[in-house]
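Before any comments, here is the structure.
Protein chains: 2
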Amino acid sequence: MQNGSQNETQKLILEAAKGLLRRYGPDKMTVMDIARLLKMSHANVYRFFRTKSEILDALIDEWLAQIEAFVETIAGREVPASERLEAVVLELHRKRRQKLLDDAEFYETYRRVIELRPDFAEKRREKIFNVFRKLIEAGIEAGEFKAVDSNEAANVLKDASAIFLHPLMIPTVLKEDTETRARNLVRYIVAGISMEPPKAATKRRAGSAPGRRQLQKAV
Amino acid sequence: MQNGSQNETQKLILEAAKGLLRRYGPDKMTVMDIARLLKMSHANVYRFFRTKSEILDALIDEWLAQIEAFVETIAGREVPASERLEAVVLELHRKRRQKLLDDAEFYETYRRVIELRPDFAEKRREKIFNVFRKLIEAGIEAGEFKAVDSNEAANVLKDASAIFLHPLMIPTVLKEDTETRARNLVRYIVAGISMEPPKAATKRRAGSAPGRRQLQKAV
DNA sequence: GAATTTACATATTACAAATTTCGTCATTTG
DNA sequence: CAAATGACGAAATTTGTAATATGTAAATTC
Chain V
1 MQNGSQNETQ
11 KLILEAAKGL
21 LRRYGPDKMT
31 VMDIARLLKM
41 SHANVYRFFR
51 TKSEILDALI
61 DEWLAQIEAF
71 VETIAGREVP
81 ASERLEAVVL
91 ELHRKRRQKL
101 LDDAEFYETY
111 RRVIELRPDF
121 AEKRREKIFN
131 VFRKLIEAGI
141 EAGEFKAVDS
151 NEAANVLKDA
161 SAIFLHPLMI
171 PTVLKEDTET
181 RARNLVRYIV
191 AGISMEPPKA
201 ATKRRAGSAP
211 GRRQLQKAV
Chain X
1001 MQNGSQNETQ
1011 KLILEAAKGL
1021 LRRYGPDKMT
1031 VMDIARLLKM
1041 SHANVYRFFR
1051 TKSEILDALI
1061 DEWLAQIEAF
1071 VETIAGREVP
1081 ASERLEAVVL
1091 ELHRKRRQKL
1101 LDDAEFYETY
1111 RRVIELRPDF
1121 AEKRREKIFN
1131 VFRKLIEAGI
1141 EAGEFKAVDS
1151 NEAANVLKDA
1161 SAIFLHPLMI
1171 PTVLKEDTET
1181 RARNLVRYIV
1191 AGISMEPPKA
1201 ATKRRAGSAP
1211 GRRQLQKAV
């Protein structure tokens, strides 16, 4: 082969596609465009990807993998599980939101894929779910949380945070103050599974949040 | 007028539109069809509704008003606030889900309206939000809940339940066991704002849920 | 003979003409 | 004169066709 390795050409195609996708969007970006940019025939592209959507899928999966890796590092931090849970949800939200703002065409591609093939990112979603579950188990282990069913609680957290994480919903909450709302959401759920402070009074002043810490008030 | 009152004809138009919408969907259902069915000129229909979408809007609003009324009766039941909150969320979910199953074309119309004009049902959403808030305040009043910020907590509940209530999301969770998940979701949030039982032990057996009651396990 | 290209059949998309619907209004009807 | 209609331009939809893209397989190059 004239080019580098098999793998090398794949990467070149993905890089080219990424740029074209950003500029033209999924409909106007054609396999011909990719081939033209790389000075090869479009047929050759099909040696590396069976279909056009396989290329788009690869780009999305690459992005999701990055986020997943980042989330794993957050989950590994040496801070209380409650803090890690909060950070994970907030960062997942921020990354998606930022993508929508920075690269609308890519986001639209992602949104459509999930809409048409909801199971596309199932593996990735499972990974995130496991992060939730593991963090809840870590919290229980550390005496930070009550001995809830970690699977059940992780499901609740997943469902509850959907409005801030699901690609179909993020565009609808774009204009709003999602940071505070997402933080409150996690804190309420975490408060529900948290151990009570040893000697806290049952009555608190109005407006205070439940659980271990003072919740930040919406602005 | 040959027909009944002004109001009577409006109702006839809406009834005709409801049937045609169910059968043809929003695109294939035309104002001409409605007129044909009622044996009047299509121009006459425009004496009662300024545009086609005004007819569709009226149908949707009628449906939302029904749900709202039902929710108000639930909120007025003579049971603990926690039970009422749970019932309200579950019934809102069931009604929407059922509509999607019974009358897909109507649901699609609704979904599109919310997608294109997110503020369309703002008034109705506010009503539901107020039901949440009022129930939380009732719970606080009754010593059932902690003295949380009712506005904040209602917002959390609204956001958290979006996956089961928002028209864009319901189709995505149709195949899944949403009843149990929705119930768990509400129970976790409610548990978080609930008073602790007076003399409960801090350690519970694994798998038990937080809060006042035993949470039903997912099947 | 592996890598790449040209050639080709199939599927999509794009475009322009014809048809239908939307929404308004002057006119007719009872 | 209240109620309804037919007629009309604008807008949207449908139809038929040309152009382009997708995906495959035979032919060519190195």
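So the protein lines, in turn, are chains V and X. Each residue of the first sequence is one higher than the last, beginning at 1 in this note's numbering. Each residue of the second sequence is one higher than the last, beginning at 1001 in this note's numbering. The beta carbon of each residue, even a glycine, is placed where N, CA and C say it ideally should be.
- For Ser1194 of chain X, the pairing in a beta bridge is given by DSSP as X:Phe1145.
- In the three-state scheme derived from DSSP, where H, G and I count as helix and E and B as strand, Phe120 of chain V is classed as coil.
- Considering only beta carbons, the part of the segment 87–119 of chain V lying closer than 7 Å to chain X consists of Pro118, in chain order.
- In the structure shown, Phe106 of chain V adopts helical secondary structure according to DSSP, grouped into three states.
- The C-alpha of Ile1128 of chain X is placed about 10 Å away from the C-alpha of Ala1075 of chain X.
- Distance from the CA of Ile114 of chain V to the CA of His166 of chain V, rounded to the nearest whole angstrom, comes to 9 Å.
- The CB of Ala162 of chain V comes closer than 7 Å to the CB of Ala1162, Ile1163 and Met1169 in chain X, given here in chain order.
- The beta carbon of Leu1092 of chain X sits closer than 6 Å to those of Leu1165, all from its chain and outside the five residues before and after it, given in chain order.
- When CB distances to chain X are screened at a threshold of 7 Å, not a single residue of the segment 37–59 of chain V falls below it.
- Not flagged as an interface residue toward chain V: Asp1177 of chain X, since no C-beta distance is shorter than 7 Å.
- Contact between the segment 1090–1107 of chain X and the segment 1033–1051 of chain X is absent: fewer than 3 CB-CB pairs across the two stretches fall below 8 Å.
- Contacts between Ala16 of chain V and chain X, judged by CB atoms closer than 9 Å, are missing: the closest CB pair is about 32 Å apart.
- Per the Cβ contact rule, the segment 1066–1082 of chain X is in contact with the segment 1127–1146 of chain X (3 or more Cβ pairs under 8 Å).
- Close to Asn184 of chain V, with beta-carbon spacing below 9 Å, are these residues of chain X in chain order: Glu1152, Ala1153, Asn1155, Val1156 and Asp1159.
- Per DSSP, the continuous alpha helix (DSSP H) segment holding Glu54 of chain V begins and ends at Lys52 to Ala75.
- Taking 7 Å as the threshold, the shortest C-beta distance from Gly139 of chain V to chain X does not fall below it.
- Taking the C-beta atoms as reference points, Val89 of chain V is found no nearer than 7 Å to Val190 of chain V.
- For Tyr24 of chain V, the number of other beta carbons within 10 angstroms of its own is below 16, and it is reported as exposed.
- With a cutoff of 7 Å on beta-carbon distance, Leu1037 of chain X and Met1029 of chain X are scored as not near each other.
- In the three-state DSSP reduction, Phe1049 of chain X falls in the coil class, being neither helix nor strand.
- Residue environment: Asn155 of chain V is assigned as buried (16 or more neighbouring CB atoms within 10 Å of its CB, all protein chains considered).
- The Cβ-Cβ distance between Glu144 of chain V and Ala81 of chain V falls below 7 Å.
- At least one beta carbon of chain V lies nearer than 7 Å to the beta carbon of Thr1172 of chain X.
- Looking at X:Gly1192, X:Ala1016 and X:Leu1101, the one whose alpha-carbon comes closest to that of Ser1150 of chain X is X:Gly1192.
- Residue environment analysis places Ala147 of chain V among the buried positions, since at least 16 neighbouring C-beta atoms fall within 10 angstroms of its C-beta.
- Across the structure, Leu1135 of chain X and Asp159 of chain V are spaced so that their CA atoms are roughly 22 Å apart.
- Val45 of chain V sits buried, since 16 or more C-beta atoms from the chains shown fall within 10 Å of its C-beta.
- For Ala1121 of chain X, no chain V residue has a C-beta closer than 8 Å to its own C-beta; the minimum C-beta separation is roughly 13 Å.
- Taking the CA atoms as reference points, Lys11 of chain V sits about 10 Å from Ala17 of chain V.
- Pro118 of chain V and Thr1172 of chain X have their C-alpha atoms some 7 Å from each other.
- Arg1133 of chain X has a beta carbon lying at 7 Å or more from every beta carbon in chain V.
- Here Glu1122 of chain X is exposed: its Cβ has fewer than 16 other Cβ atoms, across all protein chains shown, within 10 Å.
- At least one CB of chain V lies nearer than 7 Å to the CB of Tyr1188 of chain X.
- Between Ala75 of chain V and chain X, the shortest Cβ-Cβ separation is not below 7 Å.
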